[in-house]
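*Asks:* Here it is, the structure, as structure tokens.
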Amino acid sequence: MSPGSYGIIVDPVDNVAWGVGTEFPGRIYRMDIGNNPPETCITEVYELPVIDGEVQGFGPRGLDVDKNGIVWTALSGSSHLASFDRSKCEVLNGPSVVNSQHCQEGWTLYEVPGPNMKGTDVKADFHYYNWVDNYNTLGLGENIPIATGSGSDSLQVLDPETGEWVFMRVPYPLGFYSRGLDGRIDDPDAGWKGRAVWANYGTNFNWHTEGGKGTTSKMVKFQTRPNPLAN
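Residue numbers (the numbering used here): 134 to 364.
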């Protein structure tokens, strides 16, 4: 396991912990502490798929779990949102798990739309973190994963059922170097006004946004109306 893991999160279905290892191409860990830790701790490791020598995606950082126990991670290097469904694994232990490639069938990768770096097939955006909207906080449904578009002034929302994306962009000249997000429902009976997704600029590279040296971090509140005239 990594000496320091990204995105440690508790699975609400199995009551286990998941974490991210950033060693190329990247892996996720599942830890069940058992009844008498540390003696009963069991850790499973699942590396991003490498098929016929080709890495399918890389660079996990953020991690979250939906209400069905599906794990989601934003791939900062290859510009994907990736899901992992452990229930699809045919093998969970034994000799074949040594290289952590034993459950390629559990992974699904969704490429984030966007431009490539000039002269390459490498995506220009960077996805530092992600979060799953399990309770329709944003108004786009439950179990909806959202990635930070840290290099594109945006939050990027995926509908796993259709594969369609919704981009919520903070317009220039404000800029938006998103590094994390979470949801908050203040009043479940107040419709869209009682709930919002909040995202931060983080502390990195604020001087690259409008305002230059001395610019401080900010919080951004995202809400969606059910229709443009809703009040």
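Just so you know, even glycine gets a beta-carbon here, dropped at the ideal spot from N, CA and C.
By DSSP, does PRO193 sit in helix, in strand, or in coil?
*Replies:* Strand at PRO193.
*Asks:* Does DSSP classify ARG163 as helix, strand or coil?
*Replies:* Correct three-state label for ARG163: strand.
*Asks:* Between PRO359 and GLY272, is the Cβ-Cβ spacing less than 9 angstroms?
*Replies:* Their beta carbons are under 9 angstroms apart, which means PRO359 touches GLY272 by this criterion.
*Asks:* Starting from the C-beta of PHE191, find all residues in its chain whose C-beta is less than 8 angstroms away, skip the five residues before and the five after it, and write them out in chain order.
*Replies:* Hits under 8 angstroms: PHE157, PRO158, GLY159, LEU181, LEU208, GLY210, SER211.
*Asks:* Is VAL146 helix, strand or coil when you go by DSSP?
*Replies:* In this structure, VAL146 counts as coil in the three-state DSSP scheme.
*Asks:* Tell me whether ARG358 sits in a helix, a strand or coil according to DSSP, three-state version.
*Replies:* Note: ARG358 maps to coil in three-state DSSP.
*Asks:* From ALA323 to GLY186, what distance separates their C-alpha atoms?
*Replies:* If I take the Cα positions, the gap works out to 52 angstroms.
*Asks:* Pull up the distance between the alpha-carbon of TYR333 and that of ARG312, whole angstroms please.
*Replies:* It should be pointed out that residue 333 corresponds to Asn in this sequence rather than to Tyr. Whole-angstrom Cα-Cα distance: 6 angstroms.
*Asks:* Is it the case that the region 254–270 contacts the region 226–241, given that we only count it when at least three CB pairs across the two stretches are under 8 angstroms?
*Replies:* No, the region 226–241 does not touch the region 254–270.
*Asks:* For the beta strand (DSSP E) holding PHE366, just list the boundary residues, first then last.
*Replies:* Given a span of 134 to 364 for the chain in the structure shown, any question on residue 366 remains unanswerable.
*Asks:* On the premise that GLY335 lies in contact with VAL305, defined as a C-beta separation below 8 angstroms, what is that separation, rounded to the nearest angstrom?
*Replies:* The sequence as given places Tyr at residue 305; Val does not occur at that position. Their Cβ separation, rounded to whole angstroms, is 19 angstroms, which puts TYR305 and GLY335 out of contact at 8 angstroms.
*Asks:* From the DSSP output, in three-state form, read off GLN234 for me.
*Replies:* Coil, per DSSP.
*Asks:* Would you mind working out which of GLU238, PRO278, GLY227, TRP205 sits nearest LYS221, comparing C-alpha positions?
*Replies:* Among GLU238, PRO278, GLY227, TRP205, the Cα nearest to that of LYS221 belongs to GLU238.
*Asks:* Which value, in whole angstroms, describes the spacing of the CA atoms of GLY284 and PHE259?
*Replies:* Each residue's Cα considered, the two are about 5 angstroms apart.
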